[in-house]
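So for the sequence shown, the numbering used here puts the first residue at 134; every next one is plus one.
C-beta: ideal position from N, C-alpha, C; glycine also.
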Amino acid sequence: MAQLTCELCGSTNFVKKDGLFVCESCGTKYSVEEARALMAQPQLTCDLCGSTDFVKEGGNFVCQKCGAKYSVEDARAMTSGTPAPAPAPAGDPLQLNSIADFNPSAVNPGVLGAAAVNNYACQAFQLLIGDFKKLQHPSEKALDDLVEKTREVLMLLDGAGRLDPNDHVLDLLIYDNADEIVDCVDSLQYYEKDAEGKFRSRFKLGINSALKIPGQRDSWKALAEPHLEAIRQLWLETHPAEAQERENLYQQTLPLQQELAALKEEKSSHGFFDFSGKREVKDRMKPYQEELNSLNSQISKIDRMAENYAEDLMRELQTACIRLNF
134 MAQLTCELCG
144 STNFVKKDGL
154 FVCESCGTKY
164 SVEEARALMA
174 QPQLTCDLCG
184 STDFVKEGGN
194 FVCQKCGAKY
204 SVEDARAMTS
214 GTPAPAPAPA
224 GDPLQLNSIA
234 DFNPSAVNPG
244 VLGAAAVNNY
254 ACQAFQLLIG
264 DFKKLQHPSE
274 KALDDLVEKT
284 REVLMLLDGA
294 GRLDPNDHVL
304 DLLIYDNADE
314 IVDCVDSLQY
324 YEKDAEGKFR
334 SRFKLGINSA
344 LKIPGQRDSW
354 KALAEPHLEA
364 IRQLWLETHP
374 AEAQERENLY
384 QQTLPLQQEL
394 AALKEEKSSH
404 GFFDFSGKRE
414 VKDRMKPYQE
424 ELNSLNSQIS
434 KIDRMAENYA
444 EDLMRELQTA
454 CIRLNF
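See the structure below:
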């Protein structure tokens, strides 16, 4: 949206008085013709999303579409055609200062390593979600743009997680991050105006499918499970007493499962309307089910100890690797 901007002080705050536009900041007066000429100058255009819809907030020009912020100096340089001063080169090429710096095509996982790529991708998503949440009423288009960028983040994480299939702790952390990202985006809402002009929030259906990367068949949890299982086995190897207890409990479940399988077949052999016969078999199944549930509960308790071990290992890794938690 083109704005009338004072040539002397850069203010956009004007009042109309006696047929003239008067700058409230410095008092400069413009005729209608002069104001039209100023309004005809190049518009401020967001270099992230191409929008020309801006509002001024807190001394910055804020894009209403994607939330990008521009200082007054940057806005003047962009509308006058004079390039803004180039930022000083960053010491770390993987350090992102804004989402505009995100360039997944320039990232080579094989050269940088899985941990560095994980951190780069997570930084990018933190910036993406931060910019999205700054929007007061994000549109469906803004959410679609976020989904598109998020897919690029997930592709980087997928590449990082496949570099070393034996680095189970790091790969588990990477796939957990990917799953956290999908859950975060799936919970977002966009806004539409109703017939009365009021904003109404909407959940967008199919985001999980839209976030799938090319060739993805398994969920991120499914990709993480083999790494979690490898860590469980490592824990059991270093805790022989618990490992033996778990094996003993598991062996006790086998005859119970066989009995229940046989009883289920007997139950299904009764006719559809033979309710008393089905009920009698069901009553005989109860003690087996209760004992099996008790054994499985004890096995789960040991498994949780192994999962806590995996959690501790990932917590130690967080000193060098970003782990997302929304």
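Mapping the DSSP letters down to three states, classify residue i as helix, strand or coil.
i: Pro216; result: A caution first: Pro216 carries a pLDDT of 43, below 50, which makes its placement in the model unreliable, though a value can still be read off. DSSP places Pro216 in coil when its eight states are reduced to three.
i: Val240; result: coil
i: Arg456; result: coil
i: Cys139; result: coil
i: Leu227; result: coil
i: Thr386; result: helix
i: Asn381; result: helix
i: Leu296; result: coil
i: Pro373; result: helix
i: Gly404; result: coil
i: Arg169; result: helix
i: Leu245; result: helix
i: Thr283; result: helix
i: Ser409; result: helix
i: Gly339; result: coil
i: Asp416; result: helix
i: Gln451; result: coil
i: Arg460; result: Examination of residue 460 is not possible in this model, given that the chain is present from 134 through 459 alone.
i: Pro359; result: helix
i: Leu268; result: coil
i: Ser320; result: coil
i: Phe235; result: coil
i: Ala221; result: Any reading at Ala221 must be qualified, since the residue scores a pLDDT of 34, below 50, and its modelled position is unreliable; the value itself is stated next. Looking at Ala221 - three-state DSSP - the assignment turns out to be coil, as it is neither helix nor strand.
Run through the DSSP bridge pairs and tell me what residue i is partnered with.
i: Glu325; result: Arg333
i: Lys345; result: DSSP output for Lys345 lists no bridge partner at all.
i: Val155; result: Val148 and Lys162
Write down the C-beta distance between residue i and residue j rounded to the nearest angstrom, noting that I regard them as a contact closer than 8 Å.
i: Leu457; j: Ile314; result: 7 Å
i: Leu260; j: Leu229; result: 6 Å
i: Ser158; j: Ser144; result: 4 Å
i: Leu344; j: Arg284; result: 6 Å
i: Val318; j: Leu279; result: 7 Å
How about residue i and residue j: are their beta carbons less than 8 Å apart?
i: Leu287; j: Ile340; result: no
i: Leu446; j: Ile364; result: yes
i: Val232; j: Asp264; result: According to the sequence as given, residue 232 is Ile; it is not Val. Yes, these two residues count as a Cβ contact at 8 Å.
i: Leu425; j: Leu389; result: yes
i: Gly292; j: Val244; result: no
i: Ala254; j: Asp309; result: no
i: Phe332; j: Gln322; result: no
i: Asp297; j: Ala247; result: yes
i: Tyr442; j: Trp368; result: yes
i: Lys434; j: Lys415; result: no
i: Ile455; j: Asn236; result: no
i: Leu428; j: Gln377; result: no
i: His403; j: Lys397; result: no
Is it buried or exposed, residue i, if we count other Cβ atoms within 10 angstroms and call 16 or more buried?
i: Asp361; result: A small fix is needed here, since residue 361 is Leu in this sequence, not Asp. Buried: at least 16 other Cβ atoms inside 10 Å.
i: Tyr383; result: exposed
i: Phe459; result: exposed
i: Pro242; result: buried
i: Pro271; result: buried
i: Ala374; result: exposed
i: Thr452; result: exposed
i: Gln391; result: exposed
i: Thr138; result: buried
i: Val240; result: buried
i: Leu338; result: exposed
i: Asp405; result: One point to set straight first is that residue 405 is Phe, not Asp, in the sequence displayed. Label assigned to Phe405: exposed.
i: Ala257; result: buried
i: Arg379; result: buried
i: Phe147; result: buried
i: Ala328; result: exposed
i: Ala275; result: buried
i: Ala394; result: exposed
i: Ala439; result: buried
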